[in-house]
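In full-length UniProt numbering, the protein residues as written are 1 to 326. Here a beta-carbon is modelled for each residue, glycine too, at the ideal position from N, C-alpha and C. Keep in mind the model is a prediction, meaning the values are calculated, not measured. Scroll down for the structure; my scribbles are underneath it.
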Ligand SMILES: NC(=O)c1ccc[n+]([C@@H]2O[C@H](COP(=O)([O-])OP(=O)(O)OC[C@H]3O[C@@H](n4cnc5c(N)ncnc54)[C@H](OP(=O)(O)O)[C@@H]3O)[C@@H](O)[C@H]2O)c1
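Structural data, given as C-alpha cells:
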C-alpha cells in the first residue's frame, strides 16, 4: 500500500536506518539525508527491500540549516533524527548546541514552507527529562525537563549531549507552537537490539559491554532504562500516523540494572564470560539517581511494545555475529 513520501534526517545512523527499513516495509517512499552520500558505503540502505524504487538519498548538514529544503519538499511527514553527537568533547558545548538548534529550526522552517508536511516527529531522548537533582521525584514523565545546569555537572555522554538534546527539543517545541506546526517528540531510553549499520552502534556497544569486555561502559548499565530498536521505529511511525498525538512521548519499555543484566546474560549465554556480581560491586552510575522513565502517555494512545530485554539482546548479538563483530 502506497503511504506517501516522508523525510528521515541522519539516515545513515543506527536509529534512522532501522526506521527507514521499517518505513519502506510499511509502504512509504523515503527521502533520507546524510552529510555526505558519496563518502561511505551506503549499500546497507540502498539494498534494503524496495529501496531501489522508494529510497532517495540527499546531502544535508545541520551546520547549513537550508540544506534540508530539497529533501523535505513534497514530503507529508519528517522524522528529524539527526543530532551532532560529540561524546569525546571534540568541540565546545556552545558549538554543538548552536549547530543542533539552528539546524533543527532550519528543518522546521523548511517543513512550514513546503506546505506539504503535515507533521514532524523529532527524536529527542530521555536525557531531556532524567537529569535533575530533585530527590523527591520517584519517576520521570513528559512533564519534566532535565536541569541543564545540573546536567553540565554530571557530564553524561560528554559535555554537550544532555544539554544539547534538552535545549534542542525545547526550541523545536517552542518554534512549533509559535508557528502552528504539528510536531511531536519521541524520547527513547537506551536503544538496543538489531541494527543494519556495518559498525556496531554506540548504544548497542554499551548494552553489550559485559559481553564485549568494555569495562569503561559498565557505568551506563548501573541503572538503565532500555527499549528495542524495532519498538523505537514503530513508535516513530505510530506517532506520525496517530491523529491525536501531541507534545512529548517517552519511549522506554524496561528498567533494569547491571546486576540483573549480568544474571540474565550469564544464564542465557553461558558461552560468554559475564562478570560476576562480586566483580561488578564497584561499578557506579554517574552520581545522579536515575529514576525510571514512565512511558504511560505512549501506552495510553494504544501503542504496545512488542519486545523486552531478551529480544533486545538476542537481536543485538545475532546482528553482531552476522557482521563478524562478535
Ligand atoms: N541510540 C540511543 O540509545 C538513543 C537513545 C535516545 C535518543 N537517541 C537519539 O536518536 C538519534 C540517533 O542516534 P543514533 O544512536 O542512531 O546515533 P548515530 O548512529 O550516531 O546517528 C546519528 C546521525 O546524526 C547524523 N548527524 C550527526 N551530525 C550531523 C550534522 N552536523 N548534520 C547532519 N546530520 C548529522 C549522522 O549522519 P551522517 O553521519 O550520515 O551525516 C548520523 O547518522 C539522535 O538524535 C539521538 O540523540 C538515541
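Shortest alpha-carbon distance to residue 145 belongs to which of 20, 211, 293?
Looking up residue 145 in the chain shown gives position 145. Out of 20, 211, 293, 293 has the C-alpha closest to the C-alpha of residue 145.
Simplified DSSP state of residue 250, which is helix, strand or coil
To locate residue 250, count along the chain shown from 1; it is residue 250. It is a strand residue.
What's the gap between the Cα of residue 9 and the Cα of residue 106?
Numbered from its first residue, the chain shown carries residue 9 at position 9. Numbered from its first residue, the chain shown carries residue 106 at position 106. When rounded, the distance between both Cα atoms is 12 Å.
Residue 379, enclosing beta strand (DSSP E) - first and last residue
The question about residue 379 has no answer, for the chain in this structure spans 1 to 326.
Leaving out five residues on either side along the sequence, give the residues of the same chain with a beta carbon under 7 Å from the beta carbon of residue 258.
As a working note, residue 258 is residue 258 in the chain shown. Taken in chain order, the residues that qualify are 218, 221, 222, 280, 283.
Would you check whether ligand 1 has a heavy atom nearer than 7 Å to the C-beta of residue 219?
Indexing the chain shown from 1 puts residue 219 at position 219. False, no ligand heavy atom lies under 7 Å from that Cβ.
With 16 as the cutoff for other CB atoms within 10 Å, does residue 177 come out buried or exposed?
Residue 177 sits at position 177 when you count from the first residue of the chain shown. Exposed is the call here.
Are residue 108 and residue 172 touching if we call contact CB-CB under 8 Å?
Counted from its first residue, the chain shown places residue 108 at position 108. Counted from its first residue, the chain shown places residue 172 at position 172. Going by C-beta atoms, residue 108 is nearer than 8 Å to residue 172.
Quick check: what's the CA-CA separation for residue 308 versus residue 127?
For this step, residue 308 is matched to residue 308 along the chain shown. For this step, residue 127 is matched to residue 127 along the chain shown. For residue 308 and residue 127, the distance between alpha carbons rounds to 21 Å.
Between which residues of its own chain and residue 212 is the CB-CB distance below 7 Å, once the five residues before and five after are set aside?
Within the chain shown, residue 212 is the residue found at index 212, counting from 1. These residues qualify, in order along the chain: 205.
Using beta-carbon positions only, say whether residue 248 and residue 185 come within less than 8 Å of one another.
Sequence index remark: in the chain shown, residue 248 carries index 248 (1-based). Sequence index remark: in the chain shown, residue 185 carries index 185 (1-based). A contact, by the Cβ cut-off of 8 Å.
Output yes or no for whether 8 Å exceeds the beta carbon distance between residue 77 and residue 118.
Within the chain shown, residue 77 is the residue found at index 77, counting from 1. Within the chain shown, residue 118 is the residue found at index 118, counting from 1. Contact: yes.
Measure from the alpha carbon of residue 238 to the alpha carbon of each residue in 32, 166, 300, 266, then state which is nearest.
Reading the chain shown from its first residue, position 238 is the one you call residue 238. If we check each option's Cα against that of residue 238, 300 comes out closest.
Quick one: what's got a C-beta closer than 8 Å to residue 54's C-beta in the same chain, skipping five residues either side?
Residue 54 sits at position 54 when you count from the first residue of the chain shown. So the list reads 24, 28, 29, 30, once near-sequence residues are dropped.
May I ask you to check if the CB of residue 233 is nearer than 7 Å to at least one heavy atom of ligand 1?
Locating residue 233 in the chain shown gives position 233, where the first residue counts as 1. Every heavy atom of ligand 1 is 7 Å or more from the Cβ of residue 233, so no.
Every unbroken beta strand (DSSP E) within the region 193–281, with a cutoff of 3 residues, ordered by chain:
223–228, 247–251, 254–257
8 Å contact criterion, which residue 122 and residue 169 should meet: CB distance rounded
Residue numbering aside, residue 122 sits at position 122 when the chain shown is read from its first letter. Residue numbering aside, residue 169 sits at position 169 when the chain shown is read from its first letter. Indeed, because the Cβ distance is near 7 Å, the residues count as touching under 8 Å.
Mapping DSSP to helix, strand and coil, what is residue 65?
Numbered from its first residue, the chain shown carries residue 65 at position 65. The answer is helix: DSSP assigns residue 65 an H, G or I state.
For ligand 1, is there any heavy atom lying closer than 7 Å to the beta carbon of residue 123?
Translated into the one-based positions of the chain shown, residue 123 becomes position 123. Yes, Cβ of residue 123 sits closer than 7 Å to a heavy atom of ligand 1.
For residue 251 versus residue 227, is the C-beta spacing smaller than 8 Å?
Here residue 251 corresponds to residue number 251 of the chain shown, with the count starting at 1. Here residue 227 corresponds to residue number 227 of the chain shown, with the count starting at 1. Closer than 8 Å, so yes.
Expressed to the nearest angstrom, what Euclidean distance is found between the alpha-carbon atoms of residue 153 and residue 201?
The residue labelled residue 153 in the question sits at position 153 within the chain shown. The residue labelled residue 201 in the question sits at position 201 within the chain shown. Cα to Cα, residue 153 sits roughly 26 Å from residue 201.
Ends of the beta strand (DSSP E) at residue 56?
If you number the chain shown from 1, residue 56 lands on position 56. Residues 55–59.
Pairwise C-alpha distance: residue 116 and residue 74:
Locating residue 74 in the chain shown gives position 74, counting from the first residue. Locating residue 116 in the chain shown gives position 116, counting from the first residue. Going by the C-alpha atoms only, they are around 6 Å apart.
For residue 111 and residue 174, the rounded distance between their alpha carbons:
Residue mapping note: residue 174 aligns to position 174 of the chain shown, counting from 1. Residue mapping note: residue 111 aligns to position 111 of the chain shown, counting from 1. Going by the C-alpha atoms only, they are around 15 Å apart.
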